[in-house]
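The structure appears right after this line, and notes come after that.
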Amino acid sequence: MGKVAIIGGGAAGFFAALNISNENEIHIFEKSSELLSKVSISGGGRCNVTNSDFDLANLKEYYPRGNKELRQAFSVFDNTSIFKWFKDRGVHLRTESDCRVFPESDSSAEIINCFLKEANDKNVNIHNGFKVVRINKNDKFKIIFQEKNEDFYCDKIIVATGGISSSKGYNFLQQTGHKIIPPVPSLFAFDSYYSNLIDLEGISLKKVKISVLKRDNYFLKNNYSAEGGFLITHNGISGPAVLRLSSYAARELNMNDYKFVARINFILISDIDFEISFIRDISPSKIISSQSLFGLPLRLWKRICEISGIDTKLKWNDISKKKIHLLKNTLENHPLFITDKTTNKEEFVTCGGVSLKEIDFSTMESKLVPGLYFAGEVLDIDGITGGYNFQSAWTTGYIAAKAICSKR
Ligand SMILES: Cc1cc2nc3c(=O)[nH]c(=O)nc-3n(C[C@H](O)[C@H](O)[C@H](O)COP(=O)(O)OP(=O)(O)OC[C@H]3O[C@@H](n4cnc5c(N)ncnc54)[C@H](O)[C@@H]3O)c2cc1C
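To convert, take the position in the sequence shown, counting from 1, and add 36; that gives the working numbering.
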């Protein structure tokens with residue numbers, strides 16, 4: 037039917053290639069010598085393929101950017117579709133208790149082998165070391181590569197170049213007339229060098245709420261908060277709640293050079309007064325700092341008492357109203373001055389990319405350049421950690437592929 041070029045041999049590009057019918061001549065151009073490199077290292081080498089927790093009415097929680105557009109796209113190909121797609125090819129997926137989905141083998145190699153075999157069966161032409169620097173369109177598309185004497189002519193293109201940290205990487209797309217929302221990092225941990233928690237490295241909590249509030253951070257346009265697991269690291273804080281927050285507030289935190297005040301609610305219970313008066317009634321002569329409450333690790337509880345000015349000998353019977361107030365405040369609203377962001381090795385993505393206004397999400401085709409399609413993180417779409425980023429790559433790649441097959 038035609039010649040299709042896919043720019044980028046990553047998750048979205050490969051998945052698109054594998055879903056285009058082989059009546060087409062399919063070519064993947066990848067700038068590096070590797071294929072599917074992020075799939076390989078993803079999820080600590082296990083590849084967190086998708087997530088089973090998908091409330092379509094609340095996609096904003098999973099995709100701070102792109103949620104409206106993805107709602108339509110997921111009606112075509114969603115997390116249940118990817119289960120089936122892999123199952124049909126002999127790869128079985130397993131859902132963990134936190135809803136993340138991995139191959140049963142716990143190895144990204146299984147996903148990669150499946151893709152490479154499928155690409156081979158479909159006669160997909162793979163060209164490594166081909167970095168696209170320009171696309172021109174007359175009757176056909178002409179693709180120009182860096183340091184290559186040969187150009188490539190084709191009927192349709194899918195751009196799947198992924199998230200790119202520098203704006204330069206989007207130059208060839210800007211030349212096609214597309215608007216690029218400036219890229220900034222998302223999914224990072226926080227450094228907090230002056231934190232009074234820093235020597236508690238290694239302590240983790242199952243669920244905290246962490247917030248960045250306008251009242252503490254005058255540059256913020258909105259309040260942001262996230263709940264989830266929490267970890268004190270050697271130089272700050274990390275864990276699912278922190279990563280979520282970094283995603284929700286990615287752009288505004290970047291604008292402030294990652295210097296801001298975060299507030300931590302360590303306990304997330306509704307009636308803290310009741311809990312405190314209960315412990316005072318049943319253990320009036322107990323030393324407050326000697327036995328932790330609310331399931332907090334003792335080391336953290338002792339530090340919380342210290343921050344709240346509770347003397348190491350103070351008993352529940354003798355605590356003043358003022359001290360109770362201070363203790364409650366530390367438990368529910370502990371301020372932490374964040375000094376910088378720091379990489380999360382497990383997963384990081386780009387907030388920003390090709391403006392979604394210029395894309396028709398029923399086909400992933402550009403509204404400006406007919407025949408030019410987009411898939412994956414190159415778009416201004418990014419999700420929280422947990423498999424959501426691959427899911428949007430599979431979904432957008434699939435839709436672009438099917439749209440190409442249905443067009444003559
Ligand atoms: C360490 C790490 C772990 C991750 N783990 C997970 C996970 O477990 N689950 C999850 O959902 N997400 C994970 N992610 C995010 C996920 O990997 C990405 O969202 C996903 O790979 C995006 O797919 P993509 O095809 O759009 O981009 P990519 O996979 O990045 O592929 C883009 C490809 O395009 C190539 N390219 C770029 N520019 C050009 C050019 N001009 N010419 C030719 N080729 C070009 C690049 O070299 C690259 O190979 C992880 C990310 C990282 C960094």
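All C-beta atoms, glycine included, are put in the ideal place defined by N, C-alpha and C.
Nearest neighbour of residue i, chosen from the options [CA to CA]
i      : options                        : result
Asp396 : Ile435, Glu382, Phe426         : Ile435
Ser228 : Gly389, Ser69, Asp376          : Asp376
Lys67  : Gly412, Lys167, Asn290, Lys96  : Lys167
Leu415 : Lys393, Leu95, Pro333          : Lys393
Leu95  : Gly419, Lys438, Ser442, Ile440 : Gly419
Phe1   : Phe51, Leu304, Ala285          : The structure shown does not extend to residue 1, since the chain is modelled only from 37 to 444, so the question has no answer here.
Leu499 : Val244, Ile312, Ser306         : Absent from the model: residue 499. The displayed extent of the chain is 37 to 444, so no value can be given.
Ser78  : Ser143, Lys123, Gly102, Lys104 : Ser143
Asp317 : Arg335, Asn353, Tyr284, Tyr294 : Asn353
Phe181 : Trp121, Ile64, Trp430          : Ile64
Asn174 : Val405, Cys441, Trp430, Ser442 : Val405
His128 : Ala262, Ser402, Lys120         : Lys120
Tyr230 : Gly388, His270, Val385         : His270
Glu311 : Glu263, Pro276, Leu363, Glu183 : Leu363
Thr212 : Gly238, Lys184, Val169         : Val169
Cys135 : Leu332, Glu146, Asn84, Arg335  : Asn84
Tyr89  : Phe122, Ile246, Ser73, Ser133  : For clarity, residue 89 is Asp in the given sequence; the question names Tyr instead. Asp89 has its Cα closest to that of Ser133, out of Phe122, Ile246, Ser73, Ser133.
Ala145 : Lys104, Lys184, Arg82, Pro320  : Arg82
Gly389 : Arg335, Ala93, Asn259, His214  : His214
Same chain, Cβ closer than 6 Å to residue i, neighbours up to 5 away in sequence not counted
i      : result
Ile323 : Lys351
Trp337 : Ser328
Tyr99  : Leu106, Gly419
Asn164 : Glu66, Ser69
Phe255 : Asn292
Phe113 : Thr431, Tyr434
In DSSP terms, what residue i is bridged to
i      : result
Gly433 : Answer is none; Gly433 lacks a bridge partner.
Leu372 : Ala298
Arg101 : Asp418
Thr379 : Phe224
Pro264 : Looking at the sequence shown, residue 264 is not Pro but Gly. According to DSSP, Gly264 bridges with Val244.
Val40  : Ile62, Lys192
His163 : Phe65
Phe426 : Paired residues: none, contrary to the question.
Asp396 : Glu401
Ile216 : Val390
Leu363 : Looking at the DSSP assignment, Leu363 forms no beta bridge with any residue, so it has no partner.
Ser274 : Leu267
Tyr409 : Ile194, Glu401
Phe177 : Lys173, Cys190
Val385 : Ser222
Thr86  : Val137
Lys351 : Ile323
Val168 : Phe181
Cβ-based neighbour list, residue i, same chain, cut-off 7 Å, excluding 5 preceding and 5 following
i      : result
Thr86  : Asn115, Ile118, Val137, Gly423, Phe426, Gln427
Lys176 : Tyr189, Cys190, Asp191
Gly198 : Gly44, Gly46, Gly412, Glu413, Val414
Thr366 : Ile340, Ile343, Ser344
Leu54  : Phe151, Glu154, Ala155, Lys158
Met400 : Tyr409, Phe410, Ala411, Thr432, Ile435, Ala436, Ala439
Lys178 : Asn172, Asp187, Tyr189
Glu206 : Note that residue 206 is Tyr in the sequence shown here, rather than Glu. Contacts found: Ile200, Ile216.
Thr379 : Phe224
Ser203 : Ile216, Pro218, Pro219
Contact under 8 Å by Cβ, residue i with residue j
i      : j      : result
Ile268 : Leu372 : no
Gln210 : Ile217 : no
Leu106 : Ile417 : yes
Phe224 : Ser282 : yes
Asn301 : Asn369 : yes
Ile56  : Ala437 : yes
Leu71  : Ile162 : yes
Val75  : Ile148 : yes
Glu382 : Gly80  : yes
Gly38  : Asn58  : no
Ser222 : Ala286 : yes
Ala196 : Gly102 : no
Ser261 : Ile239 : no
Cut-off 8 Å between Cβ atoms - residues of its own chain near residue i, not counting five sequence neighbours on either side
i      : result
Lys349 : Ile323
Arg339 : Asn232, Leu233, Leu236
Leu289 : Val248, Ser282, Phe296, Lys377
Glu97  : Asp91, Ile420
Ile62  : Val40, Ile42, Ala53, Ile56, Lys158, Asn159, Val160, Asn161
Arg130 : Val137, Phe138, Pro139, Glu140
beta-carbon residue i near ligand 2 non-hydrogen atom, thresh 7 Å
i     : result
Phe65 : Summarising the ligand content, the structure contains ligand 1 and does not contain ligand 2.
Continuous beta strand (DSSP E) assignments of at least 3 residues falling wholly in the stretch 311-338: none
Every unbroken alpha helix (DSSP H) inside the stretch 116-158 [4 residues or more]: 144-157
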